[in-house]
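Asker: One structure follows; several queries about it will come next.
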Amino acid sequence: MEIRNVKGTHDIFGEETKIYDYVIDVFSRLCKRYGASHIVIPTIEHTELFQRGVGEGSDVVRKEMYTFEDKGGRLITLRPEFTAGIVRSFIQNKFYVNDLPCRLFYHGSVFRYERPQQGRYRQFNQLGVEFLGSDNFFVDVETISLAFSFLKKLGLDKNVIVKINSLGDLETRNNYRQALKDYFAQHLSNMCEDCQSRYELNPLRILDCKVDADRAYIEKAPSISTFLSPQSSKRFNDTIEALKQLEIPFEIDQTLVRGLDYYSEVVYEIHIKNANEGAIGAGGHYSTLIEELGGPKMSGVGFSFGLERLVSLFAAKSNLSQQAVKDEIDVYIMPIGDGVHSHALKIAQYLRDNNISSEICLEKTKLGNMFKKAQKRNAKFALIVGEDEIKNQTVQLKNLSTTEQIEVKIADILNKIKE
Ligand code: AMP
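Using the working numbering, you'd call the opening residue of the sequence shown number 159 and step up by one each time.
So, in structure tokens, the structure goes:
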């Protein structure tokens, strides 16, 4: 019987891989321009890291983790997100003794046991940043600016909006949590089961409920803005002013609370304009996570994009995506006659060693057919080599856009191509 892929996973191949590589490349280059360096962390971590880091009250930890006991009896989890693992690494490797903030970026797969549907997988890819070790609101703004510049580079900035909110400091959230409990107590018996358990574990998460019948109660719930402490309120206003100066389009969304428990102060999501789909990226500030995981008392901020959602949006909406999938080679080599192939192989290796992509026509066929193949591969040059050329240590080089053909010495091929 044929063995199929596991439900909720998917293969990425062909043109799609080119778009994935392109998007990751654009992101990596941009992150470096912001002074961030690439971090690669393990796919598996101790389960406790996510229980303590992401929080027992979050859906991710309560229902969605891939957890197993390894042969040594340790409880291990496939990472359901990156932040907790990166903070663990920041603490363990004492990155905090260096100049701060420590700016890191990442990409890789994450695992969540969710109900698979369009754009929602059980193994998917995220890319994002964590800027660690500074409490300055400018660092929060820097991450939003990076996320927006990234979308601009992909030609998607006109299609997106940043939704932003403040969850305030601990005092704000304690007061607000109590106000929400008082308010929802009267409606809870009419609300969904998930909201009933959220009421006990983390009433702020009720605001995130997508069940239509519950939305009517949620819309009338008290708003967090009236509970913000003076410091949190000033911090939020300063953030918003900075976004205006940077001309980043945003809207304040008082019901935005984010699904992971570690956030405080500013939280944000990036949405496609006028669409009801979920966010394509999301992030926020965290004041206590580093300390809770055994590190010094320091803040951090980060965001994460879902690569699958980003790639499908990029392929459908951006005119740059044609460029990402354009597959072209520099030189198509056409060996004519017997015993010429090994010579052609040497020329191909010489070109590749000098950063010129090349492919050899391996089929014995007419020259006309070879030109058709070169055209299909979007080759810039055709390089024809036969017995006479071997004798003379030359090749025929044809520029396929101008159709000019010249005989050149092998040693001169590189110069001619670069010209
Ligand atoms: P989160 O870590 O939950 O804040 O999610 C960050 C981003 O990851 C979201 O905005 C989505 O784009 C993406 N994402 C989250 N869950 C999934 C999933 N199950 N499948 C595909 N993408 C996802």
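Glycine is no exception: its CB is placed at the ideal position from the N, C-alpha and C atoms.
Remember, predicted model here, so these are calculated numbers, not experimental data.
#1: Is residue 438 near the ligand AMP, in the sense that its beta carbon is under 7 Å from a heavy atom of that ligand?
#2: Which same chain residues end up closer than 6 Å to residue 392 when comparing Cβ atoms and leaving out the 5 residues on each side of it in sequence?
#3: As an exercise, report each continuous alpha helix (DSSP H) stretch of at least 4 residues that is fully enclosed by the region 273-312, in chain order.
#4: Around the C-beta of residue 290, are 16 or more other C-beta atoms found within 10 angstroms, so that it is buried, or is it exposed?
#5: I'd like the list of long-range same chain contacts for residue 478, defined as Cβ closer than 7 Å, with 5 residues on each side in sequence excluded.
#6: Consult DSSP for residue 373 and reduce its assignment to one of helix, strand or coil.
#7: Report yes if the C-beta distance between residue 202 and residue 247 is below 8 Å; otherwise report no.
#8: Rounded to a whole number of angstroms, what is the C-alpha to C-alpha distance between residue 185 and residue 300?
#9: Alpha carbons only, please: which of 484, 547 and 460 is nearest the one belonging to residue 243?
#10: Below 8 Å, can you find three or more Cβ-Cβ pairs linking the region 491-503 to the region 522-542?
#11: Would the region 214-231 count as touching the region 173-192 if we require 3 or more Cβ pairs under 8 Å?
#12: When you measure from the CB of residue 458 to every non-hydrogen atom of the ligand HEM, does any distance come out below 7 Å?
#13: Please report the distance separating the alpha-carbon of residue 396 from that of residue 292.
#14: Beta carbon of residue 363: closer than 7 Å to some heavy atom of the ligand AMP?
#15: With a 10 Å radius around its C-beta and 16 neighbouring C-beta atoms as the bar for buried, classify residue 259 as buried or exposed.
#16: Straight-line CA distance for residue 160 to residue 340?
#17: So that I know if they touch, is there some Cβ in chain B lying closer than 8 Å to that of residue 288?
#18: Would DSSP call residue 353 helix, strand or coil?
#19: Just how far apart, CA to CA, sit residue 498 and residue 551?
#20: How about residue 467: is its Cβ closer than 7 Å to a heavy atom in the ligand AMP?
#21: Within the same chain, show all residues whose beta-carbon is closer than 8 Å to that of residue 465, passing over the 5 residues directly before and after it, in chain order.
#22: Ignoring anything shorter than 3 residues, give me the beta strand (DSSP E) runs that lie fully in the region 218-276, in order along the chain.
#23: Cα-Cα, which of 409, 276 and 241 is closest to residue 436?
#24: Quick check on residue 539: does DSSP put it in helix, strand or coil?
#25: What separation, rounded to the nearest whole angstrom, lies between the Cα atoms of residue 518 and residue 501?
#26: Does DSSP put residue 203 in a helix, a strand or coil?
#27: Would you check if the distance between the CB atom of residue 324 and the CB atom of residue 415 is smaller than 8 Å?
#28: Quick check on residue 493: does DSSP put it in helix, strand or coil?
#29: Go through its chain and collect everything with a Cβ distance to residue 238's Cβ below 8 Å, but skip five positions before and after it.
#30: CB of residue 422 to nearest heavy atom of the ligand AMP: below 7 Å?
#31: Does the Cβ-Cβ distance between residue 446 and residue 422 come in under 8 Å?
#32: Taking just the CA atoms, how far does residue 304 sit from residue 331?
Answerer: With the structure as the only source:
#1: yes
#2: none
#3: 295-311
#4: buried
#5: 312 and 313
#6: helix
#7: no
#8: 15 Å
#9: 460
#10: yes
#11: no
#12: This structure lacks the ligand HEM; the ligands present are the ligand AMP.
#13: 16 Å
#14: no
#15: buried
#16: 56 Å
#17: Judged by its chain identifiers, the structure shown contains no chain B, having just a single protein chain.
#18: helix
#19: 12 Å
#20: yes
#21: 178, 181, 182, 265, 282, 283, 284 and 285
#22: 224-227, 233-236 and 260-269
#23: 276
#24: strand
#25: 11 Å
#26: strand
#27: no
#28: strand
#29: 208, 212, 218, 219, 222, 223, 224, 268, 269 and 270
#30: no
#31: yes
#32: 28 Å
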